[in-house]
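These notes are about the structure you will find just below.
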Amino acid sequence: MPFYVRKNFWTITALALLAILPLTGSRYSIDLTTQVLIYALFALSLNILVGYLGNLSFGHAAFFSIGGYTCAILLTTYNFPFLISFLTALAFSAIAAFLIGLVCVRRNHMYFAMLTLAFGMLVWAIALKWRPVTGGDDGFVGINIPTILSNPINFYYFTLLTSIIATYALWTICNSTFGQAMIAIRENQNRALFLGIDTQSIRLKAFVISGIFAGLSGILFALYNRGMYPESAFWTESGQVLIMVLLGGMHSFIGPILGAIALYSLEIFINQFTEYWQIVLGGILLIVVLIAPEGLAGGVIWVEKNFLKKS
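Here you go:
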């Protein structure tokens, strides 16, 4: 087996399985995997701040909603072409991230988290109250999407391709000198500053990058659901994605992906047996965090080091 294949065996296997998934003919599997892909990308975007930069954000769903609402409004209210709506929504997410980032990156730790929470609640309030534009608490429904994307299988492949490109872009960023600078700031910001790293600039760029990819996942979410809703900007949405990051492992690039898969799977499985699935899920998550502080990705690495390599 070629070295490249051996080194990336699990990645290649996962991509192959995702590529042939529609051949199963299961609409449920296609819809579920589409949702997981969207939220995995959302979690990856948040992990830029949480895992690599070391800044906790409780308002990341704001960028998710800005991307989704902008694309939905341009497509439906103003009848803009799909590509223009798509790119403009990304631009709006980037601008919003830049503006709020100018304020947030001047603060650390709890103050940073509270500022992001305040911004998230502001976006939620606008989505809820600006009824003529956003549809208010009824949401913005009936999005005009290209006919080719109306087919669930076509949309699945569109989401898969977009997610692969976005994930590769994020992986490249995280494994570059910029990514190393983020880790240096996370470990010791004062030392990073002493070494000549422009910490404010790096943090702002990371904030914007994170906001762009959160906006991208929001666009996919809006297109998939043919609508966008105020709840998507609420702090609980940010909390759910934060759980995915922590569950999967915030110090591993693949961690948020594993967290998204695990959280979705647990919700579906537990919900089959009890209406109090949130309580059971909370208990399971607590146990996982206590047993594997580095998340599922950390657990996989530990098993590989202690068992697989020895055998």
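Under my numbering, the first residue of the sequence shown carries the number 2, and numbering increases by one thereafter. Cβ coordinates follow ideal geometry from the N, Cα and C atoms, glycine included. On a predicted model such as this, the values are computed, not experimentally measured, just so you know.
Three-state secondary structure assigned by DSSP to G283: As a first step, residue 283 must be located in the sequence shown, where it is residue number 282. Of the three classes helix, strand and coil, the one that applies to G283 here is helix, per DSSP.
Reduced DSSP category for V246 - H, G, I as helix; E, B as strand; rest coil: Position 245 of the sequence shown, counting from 1, holds the residue named residue 246. Note: V246 maps to helix in three-state DSSP.
Cβ-Cβ distance between T117 and F59 below 8 angstroms: Mapped onto the sequence shown, residue 117 falls at position 116. Mapped onto the sequence shown, residue 59 falls at position 58. The answer is yes: Cβ separation under 8 angstroms.
Option in L221, A215 and G102 with minimal Cα separation from L84: The residue given as residue 84 occupies position 83 in the sequence shown. That would be L221, whose Cα lies nearest to the Cα of L84.
Span separating the alpha-carbon of R108 from that of G69: Working through the sequence shown from its first residue, we reach residue 108 at position 107. Working through the sequence shown from its first residue, we reach residue 69 at position 68. Going by the C-alpha atoms only, they are around 28 angstroms apart.
Cβ shell of I244 (< 8 angstroms), same chain only, five flanking positions each side left out: Residue numbering aside, residue 244 sits at position 243 when the sequence shown is read from its first letter. Contacts found: G260, L264 and L286.
Environment of T71 [buried if 16+ CB atoms lie within 10 Å]: As a first step, residue 71 must be located in the sequence shown, where it is residue number 70. Buried: at least 16 other Cβ atoms inside 10 Å.
R28 classed as buried or exposed, judged by whether at least 16 other C-beta atoms fall within 10 angstroms: Residue mapping note: residue 28 aligns to position 27 of the sequence shown, counting from 1. It is exposed - the Cβ of R28 has fewer than 16 other Cβ atoms within 10 Å.
Under 8 angstroms between C-beta atoms of A207 and L103: Against the sequence shown, residue 207 aligns to sequence position 206. Against the sequence shown, residue 103 aligns to sequence position 102. Going by C-beta atoms, A207 is not nearer than 8 angstroms to L103.
Rounded straight-line distance, which links the Cα of E268 to that of A77: Reading the sequence shown from its first residue, position 76 is the one you call residue 77. Reading the sequence shown from its first residue, position 267 is the one you call residue 268. It should be noted that the sequence gives Thr, not Ala, for residue 77. Rounded to whole angstroms, T77 to E268 spans 33 angstroms at the Cα level.
Straight-line Cα distance separating T200 from N189: Residue 189 sits at position 188 when you count from the first residue of the sequence shown. Residue 200 sits at position 199 when you count from the first residue of the sequence shown. Cα-Cα distance, rounded: 11 angstroms.
Nearest residue (CA-CA) to A15, options D32, L38 and G26: In the sequence shown, the residue the question calls residue 15 occupies position 14. Here the closest residue by C-alpha is L38.
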